[in-house]
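Heads up: the structure comes next, in structure tokens.
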Amino acid sequence: MPVIAVLGFGSNCGKRKNNLKKALKICSLSRSLDLLKVSSLYETDPWGYKDQNKFLNCIAVFLCRSKPLDLLKFLKDTEKRLGRKQRGLWQPREIDIDILFYSNRIFNKKNLKIPHPRLHLRNFVLIPLVEVMPGFKHPVLKKTVKQLCFSGNDSTKVKFLKKFVW
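The opening residue of the sequence shown carries number 3 in this note's numbering; numbering runs sequentially from there.
In structure tokens, the structure reads:
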């Protein structure tokens, strides 16, 4: 049975907007994903390791017919296809695609944790999430996305760029 999968997209290397467009296109052409909604585009300071280019970020909501680990494999293959190089945690990336939510389900494996374990700490995730699904309740923290956005301590700047026409 299909579920709602909420994915976060980010890029800070190369043609950032083009990287996001290509990733969204590949995902939307997948037989297991139907695109429902895409947030606006945001430019954000890097999180974690600060000495790197700014990121472009967006959130996309899909109807998903894949199991969580199959979805993760597809997303990692997509990142590789788009030229992502493995540089380590919080390093620059051509494309980064994270599973933020998988409906209201909780998934806890070594290589995949859903909801994303740090999404509630990151403005670059929360602000676009508020745009596309403000009332969605985090299944672990039991707060809406909007409540999480206004209760966090992240001081990272997030700049609204424009509606994302991809």
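Note that the Cβ used here is the ideal one computed from N, Cα and C, for glycine as well.
In this chain, the alpha helix (DSSP H) harbouring VAL147 covers 147-153. DSSP places GLU45 in no alpha helix (DSSP H) but in the uninterrupted beta strand (DSSP E) bounded by 43-46. A straight-line Cα-Cα distance of about 14 Å links ILE28 and VAL63. Pairwise C-beta distances place the stretch 149-157 out of contact with the stretch 30-37, as fewer than three of them are shorter than 8 Å.
Its Cα nearest to that of LEU9, the residue LEU121 stands out among LEU121, ARG86, ILE108 and THR46. In its chain, beyond the 5 residues on either side, TYR44, THR46, ASN125, PHE126 and ILE129 have a beta carbon closer than 6 Å to the beta carbon of VAL160. Bridge partners of ILE6 according to DSSP: LEU65. Looking from the CA of ALA7, the closest CA among ILE61, SER157 and LEU31 belongs to ILE61.
ASP98 sits buried, since 16 or more C-beta atoms from the chains shown fall within 10 Å of its C-beta. A Cβ-Cβ contact shorter than 8 Å links LEU123 with GLY154. Per the C-alpha coordinates, the member of MET3, LYS115 and LYS19 positioned closest to GLU96 is LYS19.
Judged by DSSP in its simplified three-state form, VAL132 adopts helix. Boundaries of the beta strand (DSSP E) harbouring ILE99: 98-104, taken from the DSSP string.
For ILE28, the enclosing alpha helix (DSSP H) covers residues 18-31. For ASP36, the enclosing beta strand (DSSP E) begins and ends at 35-40.
The secondary-structure analysis by DSSP pairs SER13 across a beta bridge with LEU58.
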